[in-house]
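Trainee: One structure, pasted below without further comment.
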Amino acid sequence: MRLIPVLDIKGGIAVHAVQGKRELYKPLKSLICSSTNPLEVAKAYKEALKVKELYVADLDAIAGTRLNLKLYTELSELGLRAMIDAGVNNAATARRLMETGVVVVVGAETLTSFKALRDIVREVGASNVVLSLDLYGGKLLSKIEEVSDPLEAALEAEKAGVREAILLSLDNVGTLKGVDLELIKRIKERSKLSLLVGGGVRSLEDLQRLRDLGITGVLIATALHTGLIDVEEARRRGLVCHG
């Protein structure tokens with residue numbers, strides 16, 4: 001199972017995300033990195049955690065300000081596979097993002113139609129797209145009115161050519177509450193998507209449960225920054241990959 005640290009950016013700095021309540025996010029305090037500079041945090045992930053990829057939520061771009069193409073390029077140049085959610089909802093913007101060397105995350109929260117998703121996949125290729133199924137209280141956050149169930153959205157994403165998706169429980173982000181195993185299991189059993197899970201992961205036991213369900217990767221922030229999850233111990237137990 002892949003270990004994917006999370007980097008949330010707001011106001012140009014790394015922040016601590018809690019329950020998707022973006023107006024309350026505070027500058028990041030971490031045992032891994034003393035800086036709130038996004039590039040420095042990414043470097044610390046690579047050097048301290050020995051990871052090869054990370055997930056970035058650029059909340060400034062999602063809120064409608066410009067894409068930070070310079071930062072995305074710098075993240076890519078670190079040698080990390082950077083998955084960037086920058087509020088992309090059309091093929092042209094996806095192309096601009098991909099040209100910086102990163103993987104395009106398309107959030108269900110900003111996606112307007114599955115046709116737009118198909119267009120994005122055609123434009124940049126399935127290997128360069130990850131769909132983020134953003135959930136709150138187990139329900140899908142989406143502008144696509146005809147789809148409210150995350151499983152239904154996962155199946156539609158498959159038809160659009162998506163191969164990998166993030167199941168992100170926003171109400172659990174930053175809370176260390178644990179993960180919704182029943183929902184994850186339901187989607188895993190019915191969908192062929194490679195699933196990444198985020199929101200509330202707090203312990204080696206959570207990692208064990210997710211690995212046992214056949215989850216491809218796990219997105220973690222708070223449990224890494226607070227030292228709750230010992231990455232080396234997780235690797236020693238075979239819960240996550242080396243690098």
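Reminder that position 2 of the sequence shown reads as 2 in this note's numbering, one-by-one numbering, no gaps. We put the beta carbon where it would ideally sit given N, CA and C, even for glycine. Fair warning: this is a prediction, and the values are worked out from it, not measured in the lab.
How far does the beta strand (DSSP E) with R2 in it reach, from first residue to last?
Mentor: Counting along the chain, the beta strand (DSSP E) containing R2 begins and ends at 2 to 10.
Trainee: Counting only runs that start and end within the stretch 53 to 107, where is the alpha helix (DSSP H) found for 4 or more residues in a row?
Mentor: Fully enclosed alpha helix (DSSP H) runs of 4 or longer: 59 to 62, 69 to 77, 91 to 98.
Trainee: Using the three-state DSSP reduction, which class does I220 fall into: helix, strand or coil?
Mentor: The answer is strand: DSSP assigns I220 an E or B state.
Trainee: Counting C-beta neighbours from all protein chains within 10 Å, is the total for D149 16 or more, i.e. buried, or is it exposed?
Mentor: Exposed.
Trainee: I need the boundaries of the beta strand (DSSP E) containing V197, first residue and last residue.
Mentor: It spans 194 to 198 - the beta strand (DSSP E) in which V197 sits, taken as one unbroken run.
Trainee: Along the chain, where does the beta strand (DSSP E) containing A14 start, and where does it finish?
Mentor: Residues 13 to 16.
Trainee: Using a 10 Å radius around the Cβ and a threshold of 16 neighbouring Cβ atoms, would you call A14 buried or exposed?
Mentor: Buried: at least 16 other Cβ atoms inside 10 Å.
Trainee: Tell me whether the beta-carbon of R211 lies closer than 7 Å to the beta-carbon of L239.
Mentor: Against a cut-off of 7 Å, the Cβ pair of L239 and R211 comes out as a contact.
Trainee: So who's on the other strand from D134, going by DSSP bridges?
Mentor: For D134, which the question treats as bridged, DSSP gives the partners L168.
Trainee: Tell me the residue span of the alpha helix (DSSP H) that contains R118.
Mentor: 114 to 124 is the span of the alpha helix (DSSP H), which, as asked, contains R118.
Trainee: In terms of alpha-carbon separation, which member of I144, T36, K52 lies closest to K10?
Mentor: K10 has its Cα closest to that of T36, out of I144, T36, K52.
Trainee: When the Cα atoms are used, what is the spatial distance from T73 to E233?
Mentor: So the alpha carbons of these two residues sit roughly 32 Å apart.
Trainee: Specify, as a first and last residue, the run of the alpha helix (DSSP H) that Y25 falls within.
Mentor: Note, Y25: premise wrong, no alpha helix (DSSP H); not H, not E.
Trainee: R190 and L228 look like a contact to me (Cβ under 8 Å); what is the Cβ gap, rounded to whole Å?
Mentor: Rounded, the Cβ-Cβ distance is 31 Å, inconsistent with contact.
Trainee: Could you tell me if T65 is buried or exposed, where buried requires 16 or more neighbouring beta carbons within 10 angstroms of its beta carbon?
Mentor: So T65 ends up on the exposed side.
Trainee: What are the boundary residues of the alpha helix (DSSP H) that R211 is part of?
Mentor: R211 -> alpha helix (DSSP H) spans 204 to 212.
Trainee: Determine, using beta carbons only, whether L168 and G138 come nearer to each other than 7 Å.
Mentor: Their beta carbons are not under 7 Å apart, which means L168 does not touch G138 by this criterion.
Trainee: From which residue to which residue does the alpha helix (DSSP H) around L39 run?
Mentor: Note, L39: alpha helix (DSSP H), 38 to 49.
Trainee: Label C33 either buried or exposed according to how many other C-beta atoms from any shown protein chain fall within 10 Å of its C-beta, with 16 as the threshold for buried.
Mentor: The residue is buried, with at least 16 neighbouring Cβ atoms inside 10 Å.
Trainee: Let me check you understand the geometry: is the CB of S76 closer than 6 Å to at least one non-hydrogen atom of the ligand ZN?
Mentor: Looking at this structure, you won't find the ligand ZN or any other ligand, since it has none at all.
Trainee: Is DSSP giving L141 helix, strand or coil here?
Mentor: Of the three classes helix, strand and coil, the one that applies to L141 here is coil, per DSSP.
Trainee: Helix, strand or coil for V231, going by three-state DSSP, please let me know.
Mentor: Looking at V231 - three-state DSSP - the assignment turns out to be helix.
Trainee: In angstroms, rounded to a whole number, what distance separates the CA positions of L111 and L59?
Mentor: Going by the C-alpha atoms only, they are around 15 Å apart.
Trainee: Quick one: using the 10 Å Cβ neighbour count with 16 as the cut-off for buried, is G214 buried or exposed?
Mentor: By the neighbour-count rule (16 or more Cβ atoms within 10 Å), G214 is not buried but exposed.
Trainee: When the Cβ atoms of the stretch 37 to 48 are set against those of the stretch 96 to 114, are three or more pairs found closer than 8 Å?
Mentor: Touching, no.
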